[in-house]
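One structure below.
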Amino acid sequence: MPETARSPTASADLSATGPAKLKEVTRLVDTLTADLDKVSLLPHQRDAHLDALKIFGRDPSYADPIFTKRGIETLTRHAFDSPSNTTSRNALRCLANAMLLNQESRQIFVDLGYEAKVCEKLRNDNRDDEFLAGRVIFLTTYGTTINIEKLIDEHHVADIVCTNIARHAQQYANEPTTIKEMNPMEDMSLNESLKLMYNLINFCPQRNRSFSPALQPILTILLKRPIPASKPLDPPIKFLLSALMLLDYNDPTSYGSIFPKSDPNTNVMRLLEILDMSIKAYTKGEEIEMELPPLLKILLMFYPSAPASIKSIMQSRILPSEEDRKQVLGQASTTSGRMLKMSNNPVTPNTRVLVSELLFKLSDENARKFVENVGYGFASGYLMSKNLSVPQDAMETTTIGSGQEGHQRQIPINPITGQRLDAEPQVEMPEMTQEEKEREAERLFVLFERLRATGVMNVQNPVTAAAQEGRFQELDDDDESD
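Be aware that the sequence shown starts at 515, since it is given in this note's numbering, and climbs by one per residue.
This is the structure:
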C-alpha cells in the first residue's frame, strides 16, 4: 500500500519525539506539498495529515519543516486554495499555530501575497473562519512588513471586521443572552475580531475612522452582555473596552450612539456599573494596572461631550459624597473611596494618573474645586505634576452643601483630609507650655518658608502676617524668666 494512501492514524506516530518526530513531520509536509502539485490524497486523508501536523506543531521542537518557506507555503495554499471548507480550516489551524510560535513564519506568509484571500476568508459568515482568518491577520501585525493601510483601503478589512462585530451584536438585539447559552466559538471569534480591530487601529491610527461603524455594535454588546462580578473585565469585556478606547470620537455620528435620544444615560451608567464592579474585584496592583486603564480612558473621553445631566451623574457616582466625608477621604469602601486609594497607589503608575485626571476633569479642571472635592492630600501630587498652583484660599476650611428638599446647610470640611470637621475625632491633649508653643511656632515658620519657596502654593507665612498686622503679644518680664 503506498505511503500516501495510508491512514494517518496508522502511519503517523503522534507520540513520537526527537528525531522520530522530525521524520514524521518531514514526511507529512512532503506528502501535503506533493498533493498540491498532483492530487494524491483523498479528502479524509488530507484532513488527517493536517490534523496530525497540527498536533506535532504545538511544540516547535523537532518540527522545523513546518516553519520553513516550503512548509508555510504548503499550509497557506491548502488554507486558501482548497475547495473544501474542512481542509481549509484544518490548514488554517496549522498556519495560525505556526505563526504564533515562530515570528519568521509571519513574514513568510506576508511575502506570499495572500492578503486579499485571507480578508475574503474573514468575510465569511462563519465563526470558525472569523476566528482563524482573524488570528492570521492579527499575527501579521507583529514583526512583519504588512501594509495595514492597504488592508483597509484595498482589501476592506475594516468594513469586514465591523460587519463581523455587528453580527455578534445581533444576538443581543432583543433580550440579554446568558453566558451559559453562548456557543464558545461565538466568544472566541468575537475576541479575535476585537483584538484585530485594536491592533489595526493601534498600528494605523490614521485610519481609525474606518472602524466607526463598530461603535454601536460594541456598545450594544457591552450593554446587554451579562458581566460576572468576580471578573468583570474578563474577555470579551476587556477587548470591547480596548477597541472602544481607540475609536474616533470626532466623528459626528458617534454622539448619537454614545448618548442615544431614547435613553442618553444608558451607556455611561453601564460603564459606571462596570467601574464599580471592577474596583471591587481587582485589588492587586498588577491586576489594577492591567485591567482598569481602558475603562478609565473611555470615561475621560465621554465626559467632555456628555450632556449636563450625565456629567452630574458621573460626578455624584465618582466624587466623594457627604457620607464619605464622615471619615478621612480614601478610607471608605465606596467607589470614590477606592478610586482615591488608586490615585495614590505607587505600584499602578498608569492607573494612578488616569484616576487623578478623571477626578480633576469631574472637578471642572479647576484646582480649587479639585482640592475641595478630594482634599489637598490627594490633589497635591497631581497638581504639582501638572505645574498647577493651588489657590491660597483652597487651604482654608471649606464647606459643602447638605440637606434635602431644597433646604441647604453648609458643613465645614478639613481642606487637607476632606473630612467633615464635626466628624473629626476630638483628641484630649494637655495644654502646651509656653516653651512648647514657641518651639511649635518656630517649626511652623520654617515649614511655611520652605513651602513658599517651592512656588507650588501662593501662601503667606502666618508668623510674618501676624508681625505685619501687629498681632504679636509682648511678654512680661516674668514670662521671659519662666
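In this text, a Cβ means the ideal position worked out from N, Cα and C, and glycines have one as well.
Just so you know, these numbers come straight off a predicted model, no measurement behind them.
| Asked | Found |
| --- | --- |
| Between the alpha carbons of Y712 and D642, how many angstroms are there, rounded? | 20 angstroms |
| Would you say R591 reaches chain C, if we count a Cβ-Cβ gap shorter than 8 angstroms as a contact? | Of the protein chains in this structure there is only one, and it is not chain C. |
| Return yes when at least one heavy atom of the ligand GDP lies under 7 angstroms from the C-beta of L760, else no. | You won't find the ligand GDP in this model; it holds no ligand whatsoever. |
| With respect to the alpha helix (DSSP H) encompassing H558, which residues constitute its N-terminal and C-terminal limits? | 557-571 |
| D673 to E663, Cα distance in whole Å? | 13 angstroms |
| For L897 and S903, what's the separation of their Cα atoms in angstroms? | 7 angstroms |
| Nearest-angstrom Cα distance between F959 and M946? | 18 angstroms |
| In the DSSP assignment, the alpha helix (DSSP H) including M791 goes from what residue to what residue? | 780-795 |
| Taking 6 angstroms as the limit between beta carbons, can you name the residues of its chain near L589, skipping five residues before and five after? | A605, C608, L609 |
| Quick check: the Cα distance between V782 and D765, rounded to an integer number of angstroms? | 19 angstroms |
| Apart from the five residues on each side of it in sequence, which residues of its chain come closer than 7 angstroms, Cβ to Cβ, to D762? | N722, R723, S726 |
| With N640 as the anchor, note down where its alpha helix (DSSP H) starts and where it stops. | Careful: N640 lies outside any alpha helix (DSSP H) and carries neither H nor E. |
| Is it right to say I772 is buried, meaning 16 or more other beta carbons lie within 10 angstroms of its own, or is it exposed? | buried |
| Quick one, which of G585, K900, A967 has its alpha-carbon nearest S870's? | K900 |
| Buried or exposed: D838, going by 16 or more other Cβ atoms within 10 Å of its Cβ? | buried |
| Distance, Cα to Cα, Q922 vs L786? | Note that Q922 scores a pLDDT of 44, beneath 50, so its modelled location is shaky; the value from the coordinates is reported in the next line. Straight-line Cα distance between these residues: approximately 28 angstroms. |
| For P860, which residues from the same chain have a beta carbon less than 8 angstroms from its beta carbon, with the 5 sequence-adjacent residues on both sides left out? | R866 |
| Could you have a look at V675 and say whether DSSP puts it in helix, strand or coil? | helix |
| Could you give the DSSP three-state label for V1006: helix, strand or coil? | Because the chain is modelled from 515 through 996, residue 1006 falls outside the range shown and cannot be assessed. |
| For the pair the segment 611-618 and the segment 645-657, tell me if three or more CB-CB distances fall below 8 angstroms. | yes |
| Excluding the five sequence neighbours on either side, which residues of its own chain have a C-beta within less than 7 angstroms of the C-beta of A807, listed in chain order? | According to the sequence as given, residue 807 is Pro; it is not Ala. Hits under 7 angstroms: N864, T865, L868. |
| Per the DSSP calculation, V960 is bridged to which residue(s)? | None, per the DSSP bridge assignment. |
| Compare the C-alpha of E879 against each of P818, E836, R831 and name the closest. | P818 |
| Under the rule that 16 or more other beta-carbon atoms within 10 Å means buried, what is Q684, buried or exposed? | exposed |
| Within the chosen definition, does the segment 619-633 reach the segment 653-663 through at least 3 CB pairs nearer than 8 angstroms? | yes |
| Does V861 come out as helix, strand or coil in the three-state DSSP assignment? | coil |
| What are the start and end residues of the alpha helix (DSSP H) that includes Q841? | Where Q841 is concerned, there is no enclosing alpha helix (DSSP H), given that its DSSP letter is neither H nor E. |
| Is it buried or exposed for R953, if we count other Cβ within 10 angstroms and need 16 for buried? | exposed |
| Would you grab the beta carbon distance between D790 and T849 for me? Rounded to a whole angstrom, and I think it's under 8 angstroms. | 5 angstroms |
| Between which two residues does the alpha helix (DSSP H) holding Q685 run? | Per DSSP, Q685 belongs to no alpha helix (DSSP H) and is neither H nor E. |
| Looking only at its chain, what residues have a beta carbon closer than 6 angstroms to the beta carbon of D639, apart from the 5 residues adjacent to it on each side? | none |
| Return the first residue and the last residue of the alpha helix (DSSP H) that S703 is part of. | 698-717 |
| Pull up the distance between the alpha-carbon of I741 and that of L854, whole angstroms please. | 24 angstroms |
| Going by DSSP, what residue range makes up the alpha helix (DSSP H) through S826? | 822-832 |
| Using the Cα positions of L528 and L542, report the straight-line distance between them to the nearest angstrom. | 12 angstroms |
| Could you name the residues of the same chain whose beta carbon sits closer than 6 angstroms to that of K583, not counting the 5 residues immediately before and after it, in chain order? | I622 |
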